[in-house]
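Student: Residue numbers (our numbering), protein chains in the order written: chain A, 1403 to 1696; chain B, 31 to 553; chain C, 806 to 1179. Positions of the beta carbon are idealized from the N, C-alpha and C atoms, including for glycine.
1) Taking the DSSP output, what are the residues bridged to residue 1516 of chain A?
2) Identify the continuous alpha helix (DSSP H) that holds residue 1584 of chain A and give its terminal residues.
3) Kindly give me the distance between the Cβ atoms of residue 1559 of chain A and residue 258 of chain B, rounded to whole angstroms, as I take these residues to be in contact under 8 Å.
4) Would you give the residue range spanned by the alpha helix (DSSP H) that residue 1086 of chain C belongs to?
5) Going along the chain, which residues of the segment 347–367 of chain B sit with their C-beta nearer than 8 Å to a C-beta in chain A?
6) At 3 residues or longer, and completely inside the segment 89–129 of chain B: list those beta strand (DSSP E) runs for me, N to C.
7) Checking contacts by CB at 8 Å: is residue 936 of chain C closer than that to chain A?
8) Go ahead and label residue 33 of chain B buried or exposed: buried means 16 or more other beta carbons lie within 10 angstroms of its beta carbon, across all protein chains shown.
9) State the start and end residues of the unbroken beta strand (DSSP E) segment that holds residue 1046 of chain C.
10) Give me the chain A residues within the contact set of residue 290 of chain B, using Cβ-Cβ distance strictly less than 7 Å, ordered along the chain.
11) Taking all protein chains shown into account, do 16 or more other C-beta atoms lie within 10 angstroms of the C-beta of residue 163 of chain B, making it buried, or fewer, making it exposed?
12) Quick one: which unbroken alpha helix (DSSP H) runs of 4-plus residues sit fully inside the segment 419–458 of chain B? Chain order, please.
13) Extract the residue ranges of the alpha helix (DSSP H) inside the segment 1451–1480 of chain A, only unbroken runs of 4 or more that lie entirely within it.
14) Hey, does residue 170 of chain B have any beta-carbon neighbour from chain A nearer than 8 Å?
15) Determine the direct distance from the alpha carbon of residue 510 of chain B to that of residue 305 of chain B, and round the result to whole angstroms.
16) In angstroms, rounded to a whole number, what distance separates the CA positions of residue 1670 of chain A and residue 1678 of chain A?
17) Is the segment 1611–1630 of chain A touching the segment 902–909 of chain C in the sense that three or more CB pairs, one from each, lie closer than 8 Å?
18) 8 Å is my cut-off, CB to CB: does residue 148 of chain B come that close to chain A?
19) Under DSSP, the alpha helix (DSSP H) around residue 1578 of chain A begins and ends at which residues?
20) What residues in the segment 1497–1516 of chain A bring their beta carbon closer than 7 Å to a beta carbon of chain B?
21) By Cβ distance below 7 Å, which residues in the same chain neighbour residue 102 of chain B in space, the five residues on each side in sequence not counted?
22) Short of 7 Å in beta carbon distance, which residues of its chain neighbour residue 1658 of chain A, apart from the five on each side in sequence? Order them along the chain.
23) Counting only beta-carbon atoms, is residue 1596 of chain A nearer than 8 Å to chain B?
24) So what's residue 43 of chain B in DSSP terms, helix, strand or just coil?
25) Assign residue 510 of chain B to one of three DSSP states: helix, strand, or coil.
26) Any beta carbon of chain B sitting closer than 8 Å to that of residue 1541 of chain A?
27) Any beta carbon of chain A sitting closer than 8 Å to that of residue 478 of chain B?
28) Can the beta-carbon of residue 951 of chain C be found closer than 8 Å to that of residue 927 of chain C?
29) Could you work out which residues of chain E lie near residue 858 of chain C, taking near to mean beta carbons separated by less than 8 Å?
30) Can you give the Cα-Cα distance for residue 76 of chain B and residue 1036 of chain C, rounded to whole angstroms?
31) Less than 8 Å between CB atoms is the rule here; does residue 1028 of chain C satisfy it with respect to chain A?
32) What's the gap between the Cα of residue 158 of chain B and the Cα of residue 275 of chain B?
33) What residues from chain A crowd round residue 232 of chain B, counting only those whose CB sits closer than 8 Å?
34) Taking Cβ positions only, does residue 1687 of chain A come closer than 8 Å to chain C?
35) Exposed or buried, which one is residue 833 of chain C when buried takes at least 16 other CB atoms within 10 Å?
36) Identify whether residue 376 of chain B lies in helix, strand or coil by the three-state DSSP scheme.
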């Protein structure tokens, strides 16, 4: 009797293992296909950027002739460098300011209890239901009086990106909420003011979320098209890469600028992707609430 | 409807239980409405009560207060000075002086308020129309500035806010005086200015922390949104830009125009765009949700190696700025693009499209819509995959172990443990994601802007030509883009309507989730 | 090194959830006081009000004669050990213990001296350079205590410091705390839900329930003279047996009649009953399991009961029995005195006869549940 069950278990065990083997093969095939689909556009952009035989879009993948012409043109004939610097400056400033705003807001809402806290959170929830873009109607008018548009649009955009960033407190509040409250209490009994609790105890423990917030701030100006295009108009001096490069694909310009667009895309993607992949660990921890260690 | 008790409910088989829950759901709708109604009534009751209490309190403060408290009803901060809180006193007093100075100087608060004609339908915002006047010196007509409605409205709004702040501050300092009086009467000491400053890093640390972010939100979100709501009741557009032509208060005209389904109204356009917006948000959210979860499960399957590599590949999509990848992918599907050409050459496009000379997927309304949803999957899966991975990691392993002992196989484990767990935890995220997709400007605009597919049935609406793939957000973006056709007033109305849609959706979801039977299962 | 005085302290959460009410207590300098009670009784809340981590709704808390209601925790000169240790994960053990001293801007030599001295006392010198996550539960608890020790504060507060440890370690740490107390020599306030900890550690025990103090007294007092049914059942393990019965007063003599048996009350207890003017009435009778002895059926004071569960604890047997009318009765029998065949008779299913003397009885009023002799 006992032997029979033993055999059964052994058999079943084998079956499970074999089943898993077949299942895994299917999964591997799926993952490889996914990888190909997801990497194809990047691969394509890079190839496209080295194509020199024509500036137009073509319907074959492999360039007939490789060269750096597109890159040279990019820096010599266009304001791309200017846009790139603009966006870089915006990225750094936004990263710093936005981090300050977001951390202050989320820490305050997570760790401190005060009158009006619930009201504040509800108010932000309701405000978030309006399309944020509509605030630009007034902001544009006011900024044009202060000359914060067109050429000075980068400065105006930094203000726009940062001023209301406190409303994006959710992720970091979620992080702060997971730090045990007794740490604050212990520190306060040990003689710390609330400010000291913040920078001596909680901040050192919040490295992942601080880096996550910085990263998000840095990435914002690179990806934003809507707000930027609204403040910049067509002033080449004040453009960010997104707005500037968007023009190149318009009906009138695409035939002369397509490969250059791809070259510019590569130049833009390199710093951002590098920073991102270096700090990927923190990004992943931020999004997953610390469950996945990059 | 009669509610079953728990034991009776357990007797139902799956199908009956499903029917029962469905019935319960629909039967409870009137109850929610009633509840919501009651809540609103209660809210106003509480407000009324609060205001009444406030007035009573102010009254007793005045009658019972000593002369210093009484005087502080008129001179801000007097009580604070009296009780030795010099710092607070100075701040209050300075505020009062600034307020009155601002209100009564020429072209100060009163001036702007009188110009704004708040909500007087038919009246202009501002009352001096600029115009060309004959100038003897130059012997020609010269432009003479009048009011600028935009500015008049802004300053008037700021003045109103200032007045509200003034009343609040008045109330605050009167209250503080009273508290000072009470504290002193008890023989205790009131807080000194030094202590006040010190408490800003301790007791009142939230004030120092939140001051800047909250001010930012107030100035750059609250103020513009209130302003936008006001605009919705005016005729602010390219023809009435406030400077060359004052704009007028028009009451509900804009709402009427947008919701008018008859001739000359925008109801049809609005309805069609709203329908597509909702459909888009629905598909974009759920395709991403299920496929993202699926990919996460694939990557995290036991025995799969180099998990980090698979993850990184997907995360790269997040790293590269969307406008680069989206614009490139959009071009791929053009008639001249690699994929577009392949589809053409291999005759994969439906004949009807070829016949209509629609040579790429972008040129047919249906295929264009499907394509944006598919490309959005490409953009969105990595986020969901990451989030789902986090949740997968948090599923307690002993659940799997105990289910294996109970006799579950891999597939059963997946359907009975993994899926329900993830669905439950990610439920709230679905709402956020849905709302984000309603306003997903980037994906739609970047993908389709260069392949304008004008909706010929609608043609132009609100001064801009409407595409088949336009969402409300891209529509209103076009309306406000600086051109000869801007319609700020209509854009504002659309904004308000988007808010209404989102608010109603959120309310429903918040009410439905707690009423489901299995709420606490995974907590 | 200070007295603590709580006067009419009340804590209300939100609008009407009363956590602590009418709390009056004088704690003398260098006293070790234990707050004990079931979870939710308000003991931790009271401690946290003393620490300044919770606002005090009503009443006053004084430390060393000054009212501290409006003082921040850091201005109260207290030290506190938390249930989950609350060690700073990013700091080494040394820096954890030095944290309060650094905040006071103490010079490095003194910090070094104090921390190493405390570490030595607690036996954690070799871990000073480790991070908390590399320590075991017991070691972490020592660090937490050390962090509180280095401050030389007026009052030492401990909030269930042992409840996250396993049973064996808990016993060991309990003994260490007793030793520690002699070395630190300050005022201790200790919160626990475990009556054993309370009995072994406290100079005085404060037993709480639903926000109210039930009894304050030395361990002997609360054990021998519980003021009410709740205290009598809460203190002592296994818990006291209580059952409804009749108190009969005949010709100046008192009897109780549990389950048909008739037990005369003699000596001190009878005198006290007479003094209090208690006559025939229904009462709740309480007898601790260790005060019940085995007897034979001939004894007129014998109660027959059937053994349901027999727990062998080593030095003693815990017999969970059922009387004829279904009441549960726990009997504790020391194993040393038992012969082998006697022991075999204490098998589950068997009926045994038990009795108890009047000296160990506790009488409670049926309605108020108060001790009739207090």
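Tutor: The structure says:
1) Here the question's residue 1516 of chain A lines up with position 114 in the first chain. Answer by DSSP bridge pairing: none, since residue 1516 of chain A is not bridged.
2) Here residue 1584 of chain A refers to the residue found at position 182 of the first chain. From DSSP, the alpha helix (DSSP H) with residue 1584 of chain A extends over 1583–1591.
3) In the first chain, counting from the first residue as 1, residue 1559 of chain A sits at position 157. In the second chain, counting from the first residue as 1, residue 258 of chain B sits at position 228. That belief does not hold up - the Cβ atoms of residue 1559 of chain A and residue 258 of chain B are roughly 20 Å apart, past 8 Å.
4) Counting from one through the third chain, the residue named residue 1086 of chain C turns up at place 281. From DSSP, residue 1086 of chain C is part of no alpha helix (DSSP H) but of the beta strand (DSSP E) over 1086–1092.
5) 347, 348, 349, 350, 351, 352, 353, 354, 355, 357, 358, 359, 361, 362, 364, 366 and 367
6) As summarised for the segment 89–129 of chain B, there are no continuous beta strand (DSSP E) elements at least 3 residues long confined to that stretch.
7) Taking the third chain and counting its residues from 1, one reaches residue 936 of chain C at position 131. Cβ-Cβ to chain A under 8 Å: no for residue 936 of chain C.
8) For this step, residue 33 of chain B is matched to residue 3 along the second chain. Residue 33 of chain B comes out exposed.
9) As a working mapping, residue 1046 of chain C is identified with position 241 in the third chain. Its beta strand (DSSP E) spans residues 1046–1055.
10) Position 260 of the second chain holds residue 290 of chain B. Those do not exist, as residue 290 of chain B stays about 22 Å from chain A at its closest Cβ, beyond 7 Å.
11) Numbered from 1 along the second chain, position 133 holds the residue referred to as residue 163 of chain B. That one is exposed.
12) List check, alpha helix (DSSP H) in window: 427–435 and 440–443.
13) DSSP runs (the alpha helix (DSSP H)) wholly in the segment 1451–1480 of chain A: 1471–1479.
14) In the second chain, the residue the question calls residue 170 of chain B occupies position 140. No, because no Cβ of chain A sits closer than 8 Å to the Cβ of residue 170 of chain B.
15) Position 275 of the second chain, counting from 1, holds the residue named residue 305 of chain B. Position 480 of the second chain, counting from 1, holds the residue named residue 510 of chain B. C-alpha separation (whole angstroms): 22 Å.
16) Start at 1 with the first residue of the first chain, and residue 1670 of chain A comes out as number 268. Start at 1 with the first residue of the first chain, and residue 1678 of chain A comes out as number 276. Taking the straight line joining both Cα atoms gives about 13 Å.
17) no
18) One-based indexing of the second chain puts residue 148 of chain B at position 118. For residue 148 of chain B, the answer is no, since every Cβ of chain A falls outside 8 Å of its Cβ.
19) Position 176 of the first chain, counted from the first residue, corresponds to residue 1578 of chain A. 1572–1580 is the span of the alpha helix (DSSP H), which, as asked, contains residue 1578 of chain A.
20) Result list: 1503, 1506, 1507, 1509, 1510, 1514 and 1516.
21) Here residue 102 of chain B is taken as the residue at index 72 of the second chain, counted from 1. Counting only Cβ-Cβ distances below 7 Å, and skipping sequence neighbours, we find 108, 109, 203, 204 and 207.
22) Looking up residue 1658 of chain A in the first chain gives position 256. Answer for residue 1658 of chain A: 1457, listed in chain order.
23) The sequence position of residue 1596 of chain A within the first chain is 194, counting from 1. Yes, because at least one Cβ of chain B sits closer than 8 Å to the Cβ of residue 1596 of chain A.
24) Against the second chain, residue 43 of chain B aligns to sequence position 13. Coil.
25) Taking the first residue of the second chain as position 1, residue 510 of chain B is located at position 480. Helix at residue 510 of chain B.
26) Translated into the one-based positions of the first chain, residue 1541 of chain A becomes position 139. Closer than 8 Å: yes.
27) Counted from its first residue, the second chain places residue 478 of chain B at position 448. Not closer than 8 Å to any Cβ of chain A, the Cβ of residue 478 of chain B fails to qualify, so no.
28) Numbered from 1 along the third chain, position 146 holds the residue referred to as residue 951 of chain C. Numbered from 1 along the third chain, position 122 holds the residue referred to as residue 927 of chain C. Closer than 8 Å, so yes.
29) No chain E appears in the structure shown, which is made up of the protein chains A, B and C.
30) Within the second chain, the letter at position 46 stands for residue 76 of chain B. Within the third chain, the letter at position 231 stands for residue 1036 of chain C. The alpha-carbon atoms of residue 76 of chain B and residue 1036 of chain C are separated by roughly 44 Å.
31) Taking the third chain and counting its residues from 1, one reaches residue 1028 of chain C at position 223. Closer than 8 Å: no.
32) What you label residue 158 of chain B is simply residue 128 of the second chain in a count that begins at 1. What you label residue 275 of chain B is simply residue 245 of the second chain in a count that begins at 1. Rounded to whole angstroms, residue 158 of chain B to residue 275 of chain B spans 10 Å at the Cα level.
33) Position 202 of the second chain, counting from 1, holds the residue named residue 232 of chain B. The answer, in chain order, is 1595, 1596 and 1597.
34) Taking the first residue of the first chain as position 1, residue 1687 of chain A is located at position 285. For residue 1687 of chain A, the answer is no, since every Cβ of chain C falls outside 8 Å of its Cβ.
35) Here residue 833 of chain C refers to the residue found at position 28 when the third chain is read from its first residue. It is exposed - the Cβ of residue 833 of chain C has fewer than 16 other Cβ atoms within 10 Å.
36) Your numbering for residue 376 of chain B matches position 346 in the second chain. Looking at residue 376 of chain B - three-state DSSP - the assignment turns out to be coil, as it is neither helix nor strand.
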